[in-house]
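Note that the numbering used here numbers the sequence shown so that position 15 is 15, with each residue one more than the last.
Note that beta-carbon positions come from the ideal geometry of N, C-alpha and C, so glycine has one too.
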Amino acid sequence: MYTTLIFDIDNTLLNYDLCELDSMQKTCQTYGLFQDDTTAWDAFWATFLLHNARNWNKMVNGGEITTIFEVLYLSFQDTLNQSHQLHTQL
């Protein structure tokens with residue numbers, strides 16, 4: 001009889017990429033961001049994903065980022081600082 005069951009849940013049972021996309025789209029919709037402007041949304045999302053991946057790696061690899069809050073804060077900050085056009089969309 002098994003007493004313990006161990007399995008990998010990250011992107012196996014749960015699709016984190018889809019959840020992240022869905023959550024961000026719902027948040028933007030709630031606040032009226034990128035309405036009817038898929039080009040601006042696509043630019044924002046692609047840029048955000050790059051910065052977010054870099055910042056997550058800094059946290060999990062023991063870099064200068066130590067909290068999830070810092071990851072998210074810096075990911076948004078880096079994304080918005082990269083393009084003046086994104087500022088006007090938000």
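Per DSSP, what are the beta-bridge partners of residue i in this structure?
i	result
residue 10	14
Ends of the alpha helix (DSSP H) at residue i?
i	result
residue 36	Taken as a continuous stretch (DSSP letters only), residue 36 belongs to no alpha helix (DSSP H), as it is neither H nor E.
residue 75	68-82
Going by beta-carbon coordinates alone, are residue i and residue j separated by less than 9 Å?
i	j	result
residue 44	residue 34	yes
residue 57	residue 70	no
residue 7	residue 13	yes
Taking 8 Å as the limit between beta carbons, can you name the residues of its chain near residue i, skipping five residues before and five after?
i	result
residue 11	17
residue 82	47, 51
residue 66	59
residue 63	57
residue 74	51, 55, 65
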